[in-house]
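The sequence shown finishes on residue 62 if you use UniProt numbering, and the numbering steps up by one all the way, no holes.
We put the CB at the ideal spot given by N, CA and C, even for glycine.
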Amino acid sequence: MLASINTDDPAVQGIEIEHEYRVAAPQAGLTPAEIRTAQENGLKMAFLSEQEKQALRDKVQG
């Protein structure tokens, strides 16, 4: 099972992704490596084409 860090619905919840990484992830005891894995999982599960996913990977790595 894949897990990711997300805001679900920021317009309804009023929580931005920056908050989740700054506050929620450390409170959950996630290490930097676990946070990175969660980010990669989010990309795997995203409703994007493989080309769009690869473009995002390239942007982050490059």
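Residue i versus residue j: straight-line alpha-carbon distance, rounded
i	j	result
PRO26	GLN39	15 Å
ALA3	GLY62	25 Å
LYS53	ARG36	15 Å
PRO32	GLN51	27 Å
MET1	ASP58	25 Å
Reference residue i, options the options, closest by Cα
i	options	result
HIS19	THR7, LEU30 and ASP58	THR7
Chain-order list of residues whose beta-carbon lies under 6 Å from that of residue i (same chain, five-residue window excluded)
i	result
ILE17	THR7
Check whether residue i and residue j have beta carbons under 9 Å apart
i	j	result
GLY42	ILE5	yes
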